[in-house]
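Notes to accompany the following structure.
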Amino acid sequence: MRTKQFLFLLFFIAVALCVSVSPLGVKIVKGNKLFDSVFSESLGVLPVQSAGRVMPMSSASADILKTVSGKSTIKIDGKKISSTQWLWLLCANAEKMSNLPVLRTDNRKLQELLKATGRYVTYEAVALKNEVIYQGAQNKEGGAYAKACNEILNASHIFALASNSLCVKYPHEKTFSEFLKNWNVAVSSATEELKLASELKREPNSEKLIVASEYLKFLRELAEYENHYNNEILKTIPINDGFTTPVQILLDRTSPELSVKILTEYSMLADALNLGDFQEAKNRMSEIFKIYESSKNVNLFRIKVEHIFNSVDPFFSALLLFGMAFVLFGLSAFKKDVFSLPASVCLLVGSVVYVLAILVRVYIQMRPPVTNFYSSVVFTGAVASAFGLVMYLKKGSVLSALSASFVGMLSLLVAINLPHSGDTMGMMRAVLNSNFWLSTHVMTIMIGYCGLFLAGFGASFRLVANLFSKKNFGIETSKTADGIYVLLCVCLLFTFMGTMLGGIWADMSWGRFWGWDPKENGALMIVLWTSATIHCKALKVCNDRFFLVLTALGNIVVAWAWFGVNLLGVGLHSYGFIDGGWGWFFVYIILQILVAPLGFVVYKDTGVNLKDR
């Protein structure tokens, strides 16, 4: 019997490890080596600058594709390709890519206007109806249609900017390399003519200036377009201590030799891709890496770490492991000896993967774990799952394990499905650009939030378990209430301290300690609700079952303070605003409210009744 259990355990350990590396395995097997190779040179590793931060092209391209289409991969001719490959193909053949349905809109009226067969429309269709869409976006009454028009216009601008992010070609030129050559010849010829005319004190020959003038007009129009959408552009060419765009390199005749070399290689690589010459593309890629290795301005090691992080996709692996753990712990209620150990393995491996992923993010950004709304969600889930795991290992409480796996799974589901968002790790907003306050106020209050969610779901699971229990659940309810009481006391300390530190930060940043901002009010609501719940238990105002009900309802207060006020889109905490999600938010609230009546469930005594204290 023990041998079978041991083999069963080994099997689940192997399964857990396989799940952990499954995204990496898929990338290695199905990924295109030229664009997506994980441990060797690939175009996805090339450094670029986006969102104010230097990152691998795989990160930047995924961010762009998510913004315009809501997903990080796309199908072309029935074949799924990565965001890196999509970006290179877009730059190499913008005309073809402009006629593929990539831009996403969920508005039916806008879909009909653009004659779309589904959610995705082509850039060309948007360009043809640009004036009509612009008028719809300017509608003073607003509404869903105006919002959708604004979103599709923004997506089309990002698409257009991305098409010139790696190389530039004049419309009538055949190749990118040909344009570079002709541009240099035209500029040199025009410069010589102007110099000669100045020396001979005559008017320059306009025929020798017209080609350079046309090229210059074209490039200046692109530069003006880039300057208008400066926050959206992808900078791919290294220059001094930063990055810039191909257009700026061409306009600046004093650009460093390194920058000119990179642009030349990018242009030749795009030409090779356009011709389908992948061997030449690989050769050009090798030359690009040689150029970067000779330069000390870019930390290629950190770039490669982030590229591997993108390929491994540890958050998705952790999501699968937490889901398996939750199901197995549920089954362990019926056959503990069979499912308990495998469930523990999945929870342990999932928590380790989750925490390691957070630490890698910290290394990549060189910032504390919480820097934006996405990171606050994953950080809270990681800490909650780790706390729950420790409680499970220490006390053997299956309820703690269930709560840990559920909170971990739920946090990752929320993070992955944030509207048109993802793990972009962009530059901090000015008000957030402080490692000290991010490490004190934000992390302190987030630890409080994660503990409150853990307590709330633990209380909910206990109340649901009481409903199906055939035994006297009074003692178990009492034990759960005692454990949650201690957890709430710790959470109250963190949330109160975090709120006070936030007030000090607000006084330094905005000139006032408290301003009744929606986010501040939400933090105060959490402190008051948690305090009231703790006092109800301490003063014996209610029994243990209703104490658990109050704790479960506290999840609504925390969710409102964290998510709800961000959905409102008002207040000074604009860096946390999100669009969409009201429907799921209210579903969550309704589910939590449905837990409340379970506080009235009592054990029907057929013998000795152990009452709740």
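In my numbering, the protein residues as written are -14 to 598. From the three backbone atoms N, C-alpha and C, an ideal C-beta is built for every residue, glycine too.
Give the C-beta separation of residue i and residue j to the nearest angstrom, bearing in mind that I take them to be a contact with Cβ-Cβ under 8 Å.
i, j, result
"I247", "T230", "Contact flag wrong, Cβ pair sits at about 12 Å."
"S390", "A310", "4 Å"
"F228", "I222", "6 Å"
"L398", "L524", "38 Å between Cβ atoms; not a contact."
"M82", "L95", "That pair is no contact at about 21 Å."
"A77", "A255", "4 Å"
"L606", "A266", "Outside the displayed range of the chain (-14 to 598) lies residue 606, so it cannot be described from this structure."
"V117", "L138", "The Cβ separation is near 11 Å, so there is no contact."
"I432", "F479", "5 Å"
"V363", "F263", "In fact, because the Cβ distance is near 37 Å, the residues do not count as touching under 8 Å."
"Y359", "L403", "6 Å"
"A1", "V330", "5 Å"
"H426", "G381", "The Cβ separation is near 35 Å, so there is no contact."
"V572", "F438", "Actually they do not touch by this definition, with Cβ atoms about 16 Å apart."
"K166", "E178", "Actually they are not in contact, since the Cβ atoms of K166 and E178 sit about 19 Å apart, beyond 8 Å."
Does the Cβ-Cβ distance between residue i and residue j come in under 8 Å?
i, j, result
"I430", "T536", "no"
"A133", "T90", "yes"
"L119", "L88", "The residue you asked about is not Leu; residue 119 is Tyr in the sequence shown. Contact: no."
"A440", "L473", "yes"
"S600", "K51", "Residue 600 lies beyond the residue range present for the chain, which begins at -14 and ends at 598; the question has no answer from this structure."
"T365", "Y434", "yes"
"Y200", "W168", "yes"
"V334", "V39", "no"
"F144", "Y155", "no"
"S612", "S198", "Nothing can be reported for residue 612, as the shown portion of the chain is limited to -14 through 598."
"L513", "A581", "no"
"P41", "V23", "no"
"N135", "A122", "yes"
"L387", "G584", "no"
"F307", "G393", "yes"
"S252", "S162", "yes"
"W71", "S35", "no"
"L313", "A328", "yes"
"N259", "P241", "no"
"S516", "L477", "yes"
"W567", "L552", "yes"
"L332", "L374", "yes"
"S336", "S325", "no"
"L285", "P8", "no"
"L85", "I49", "no"
According to DSSP, is residue i helix, strand or coil?
i, result
"K380", "helix"
"M82", "helix"
"S317", "coil"
"M42", "helix"
"Q350", "helix"
"S559", "Note that S559 scores a pLDDT of 48, beneath 50, so its modelled location is shaky and nothing firm can be said."
"T356", "coil"
"F458", "coil"
"A371", "helix"
"E188", "coil"
"Q123", "coil"
"A310", "helix"
"D467", "helix"
"A546", "helix"
"A112", "helix"
"F24", "coil"
"Y214", "coil"
"T239", "coil"
"N17", "coil"
"L579", "helix"
"A47", "helix"
"N402", "coil"
"L194", "coil"
"C3", "helix"
On the DSSP bridge list, what partners appear for residue i?
i, result
"G67", "Per the sequence shown, the amino acid found at residue 67 is Ser instead of Gly. Per DSSP, T58."
"Q34", "V39 and K220"
"V106", "L88"
"G584", "According to DSSP, which records beta bridges pairwise, G584 is partnered with nothing at all."
"T229", "I222"
Tell me whether residue i, by its Cβ, gets closer than 7 Å to a heavy atom of the ligand ZN.
i, result
"L75", "With respect to small molecules bound, the structure shown includes none, and the ligand ZN cannot be examined in it."
Q) At what residue ranges does the stretch 251 to 283 contain a whole run of the alpha helix (DSSP H), taking only runs of 4 or more? A) 263 to 278
Q: Could you pull out every unbroken beta strand (DSSP E) segment of at least 3 residues lying fully inside the stretch 126 to 175, listed in chain order?
A: none
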